[in-house]
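In my numbering, the protein residues as written are 1 to 402.
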Amino acid sequence: MTELDKLAERNQRKVIRAFQKHHVSDFHFAGSTGYGYNDRGREVLDLVYADVFEAEAALVRPHFASGTHTIACALFGSLRPGDELLYITGQPYDTLRKVVGQEGDGAGSLRDFSIGYREVELLPDGGIDWEGVEAAIGPRTRVIGIQRSRGYDWRSSFDVAAIAEMTARVKRIKPDVLVFVDNCYGEFTEEREPTACGVDLMAGSLIKNPGGGLAPSGGYICGRADLVEQAAYRLTAPGIGGEVGAMLDTLRATFQGLFLAPHFVGQALKGAVLAAAMFSAAGFESRPAWDAPRTDLIQAVRMDNEAQLIAFVQGIQRAAAVDAHVVPEPWAMPGYAHPVIMAAGTFIQGGSLELSADAPIREPYIAYMQGGLTYAHVKFGLLTAFSRLHESGLIVIKPHTT
Ligand SMILES: *Cc1c(COP(=O)(O)O)cnc(C)c1O
Numbered sequence: 001m002t003e004l005d006k007l008a009e010r011n012q013r014k015v016i017r018a019f020q021k022h023h024v025s026d027f028h029f030a031g032s033t034g035y036g037y038n039d040r041g042r043e044v045l046d047l048v049y050a051d052v053f054e055a056e057a058a059l060v061r062p063h064f065a066s067g068t069h070t071i072a073c074a075l076f077g078s079l080r081p082g083d084e085l086l087y088i089t090g091q092p093y094d095t096l097r098k099v100v101g102q103e104g105d106g107a108g109s110l111r112d113f114s115i116g117y118r119e120v121e122l123l124p125d126g127g128i129d130w131e132g133v134e135a136a137i138g139p140r141t142r143v144i145g146i147q148r149s150r151g152y153d154w155r156s157s158f159d160v161a162a163i164a165e166m167t168a169r170v171k172r173i174k175p176d177v178l179v180f181v182d183n184c185y186g187e188f189t190e191e192r193e194p195t196a197c198g199v200d201l202m203a204g205s206l207i208k209n210p211g212g213g214l215a216p217s218g219g220y221i222c223g224r225a226d227l228v229e230q231a232a233y234r235l236t237a238p239g240i241g242g243e244v245g246a247m248l249d250t251l252r253a254t255f256q257g258l259f260l261a262p263h264f265v266g267q268a269l270k271g272a273v274l275a276a277a278m279f280s281a282a283g284f285e286s287r288p289a290w291d292a293p294r295t296d297l298i299q300a301v302r303m304d305n306e307a308q309l310i311a312f313v314q315g316i317q318r319a320a321a322v323d324a325h326v327v328p329e330p331w332a333m334p335g336y337a338h339p340v341i342m343a344a345g346t347f348i349q350g351g352s353l354e355l356s357a358d359a360p361i362r363e364p365y366i367a368y369m370q371g372g373l374t375y376a377h378v379k380f381g382l383l384t385a386f387s388r389l390h391e392s393g394l395i396v397i398k399p400h401t402t
């Protein structure tokens with residue numbers, strides 16, 4: 001726990017230094033309307049993000065509707081017809097399947113624009129299949145995709161050191177490839193981010209870690225300046241890019257959220273460690289283990305059956321400050337292949353730096369829990385979930401005997 005406190009302190013210092021360097025002032029929070037020309041707050045927000053993530057440039061906007069939209073802009077910005085995208089960390093996050101064109105033809109996916117897509121499955125031990133990657137990289141390969149977080153998968157997440165190594169290695173195989181990292185859930189869980197370690201382009205969601213629970217919507221893209229600019233042309237229009245886009249009333253919350261993010265991420269990480277410890281004491285396998293190093297917010301727990309999965313998620317909802325009186329049920333969420341049940345009693349709709357839990361209803365029955373703006377809330381949520389499982393007769397809690 002003291003290690004997590006140190007992490008939060010160092011990241012807090014890094015964020016404050018970036019604010020100071022760019023002289024963040026009250027007037028930056030005002031927000032523009034209409035076209036949003038010369039919005040100095042927006043420009044400074046981009047500069048602050050670029051510094052914090054040690055990137056050449058950043059594009060931080062409330063106009064990104066979700067993480068998927070942000071990642072799609074980054075990919076469409078960097079790829080051209082005839083190019084190929086190669087994911088080396090196995091299947092990407094569920095909602096990206098329709099973006100790359102693995103599913104749902106005709107919707108304007110990369111594939112509809114003659115941009116190829118391939119992926120190399122991870123090895124059974126969770127590592128990168130380098131033989132497979134070497135064989136898959138070809139003359140068309142333009143972008144290498146890496147997903148840092150486990151997402152809704154029972155695999156390990158990749159820490160920044162591992163991503164730095166992957167980046168160096170793919171560039172040895174083909175020096176002109178670009179490396180893109182889906183950084184969702186990773187921000188501030190380590191002291192450095194992938195863009196500080198050779199990655200060309202990176203994207204994430206503001207309703208996850210870097211929004212600090214306050215940013216009302218949006219995403220960020222950062223990395224090489226030319227690639228960030230190409231992504232901005234996708235978000236708005238070619239020739240316009242990041243120079244328009246009214247920030248309306250979002251700037252104060254987005255700045256303040258970034259300021260608070262290192263602390264809240266630290267609280268969420270402490271909560272995840274507690275969850276892993278409680279579940280393993282109750283006989284469930286959890287990943288990562290409580291004492292393993294972390295590189296994202298997600299705590300995965302393997303349940304025995306659908307009933308346990310649903311009861312757990314419903315138990316987390318019961319501990320929320322918002323919407324605790326509603327009972328979540330599985331539903332067919334847009335972009336997901338299986339019904340998903342979600343506990344999201346949050347101030348920001350779907351905000352998952354706030355305590356939340358999701359589970360696709362499919363085997364193996366894995367619940368994914370993440371977030372928690374305060375450690376006390378996570379603790380309360382876990383106790384509520386355990387008592388729901390216990391009351392429903394779904395788990396037996398044995399008295400401790402050693
Ligand atoms: C959340 C997430 C996404 C997509 O973000 P949405 O806001 O749900 O569209 C993509 N990749 C990973 C790893 C994520 O965790």
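Glycine residues also receive a C-beta, built at the ideal position from the N, C-alpha and C atoms.
Short check: CB of R155 to CB of L122, under 7 Å?
Residue 155 sits at position 155 when you count from the first residue of the sequence shown. Residue 122 sits at position 122 when you count from the first residue of the sequence shown. Yes. Within cutoff.
Neighbour-count burial assignment, T346, 16 or more Cβ in a 10 Å radius
Translated into the one-based positions of the sequence shown, residue 346 becomes position 346. That one is buried.
Between A321 and I207, what straight-line distance do the alpha-carbon atoms span, to the nearest angstrom?
As a first step, residue 321 is located in the sequence shown; it is residue number 321 there, counting from the start. As a first step, residue 207 is located in the sequence shown; it is residue number 207 there, counting from the start. If you take the alpha carbons of A321 and I207, they lie about 18 Å apart.
Whole angstroms are fine: how far does the CA of T295 sit from the CA of R118?
Taking the sequence shown and counting its residues from 1, one reaches residue 118 at position 118. Taking the sequence shown and counting its residues from 1, one reaches residue 295 at position 295. In a straight line, the C-alpha of R118 is about 25 Å away from that of T295.
Please find out if some non-hydrogen atom of ligand 1 comes closer than 6 Å to the beta-carbon of Y93.
In the sequence shown, counting from the first residue as 1, residue 93 sits at position 93. Y93: yes, Cβ under 6 Å from ligand 1.
C-alpha gap between S197 and R150, whole angstroms
Start at 1 with the first residue of the sequence shown, and residue 197 comes out as number 197. Start at 1 with the first residue of the sequence shown, and residue 150 comes out as number 150. As written in the sequence, residue 197 is Cys, which differs from the Ser given in the question. Those two C-alpha atoms are separated by around 20 Å.
Measuring alpha carbon to alpha carbon, tell me which of R318, M333, V179 and R234 ends up nearest Y87.
Counted from its first residue, the sequence shown places residue 87 at position 87. Among R318, M333, V179 and R234, the Cα nearest to that of Y87 belongs to V179.
Under the DSSP definition of a beta bridge, which residues are partnered with C222?
Walking along the sequence shown from the start, residue 222 turns up at place 222. In DSSP, C222 forms a bridge with A58 and M202.
The alpha helix (DSSP H) spanning G41 covers which residue range?
Position 41 of the sequence shown, counted from the start, is the residue given in the question as residue 41. Note, G41: alpha helix (DSSP H), R40 to V52.
Can you tell me which residues form a DSSP beta bridge with Q370?
In the sequence shown, residue 370 corresponds to position 370, counting from 1. S356.
Measuring only from the beta carbon, is D182 closer than 6 Å to any heavy atom that is part of ligand 1?
Start at 1 with the first residue of the sequence shown, and residue 182 comes out as number 182. D182 Cβ: within cutoff of ligand 1.
N- and C-terminal bounds of the alpha helix (DSSP H) containing S78
Counted from its first residue, the sequence shown places residue 78 at position 78. First-last of the alpha helix (DSSP H) with S78: G67 to S78.
Using a Cβ-based criterion (distance less than 6 Å to any ligand heavy atom), does Y185 qualify as near ligand 1?
Numbered from its first residue, the sequence shown carries residue 185 at position 185. Yes, the Cβ of Y185 comes within 6 Å of a heavy atom of ligand 1.
Could you check if G145 belongs to the surroundings of ligand 1, using beta carbon to heavy atom distance under 6 Å?
Position 145 of the sequence shown, counted from the first residue, corresponds to residue 145. Checking the Cβ of G145 against ligand 1 gives no.
Compute the Euclidean distance between the alpha carbons of G377 and A319, then round it to the nearest angstrom.
For the purposes of this step, residue 377 is taken as the residue at position 377 of the sequence shown. For the purposes of this step, residue 319 is taken as the residue at position 319 of the sequence shown. A quick correction: the sequence has His, not Gly, at residue 377. About 8 Å.
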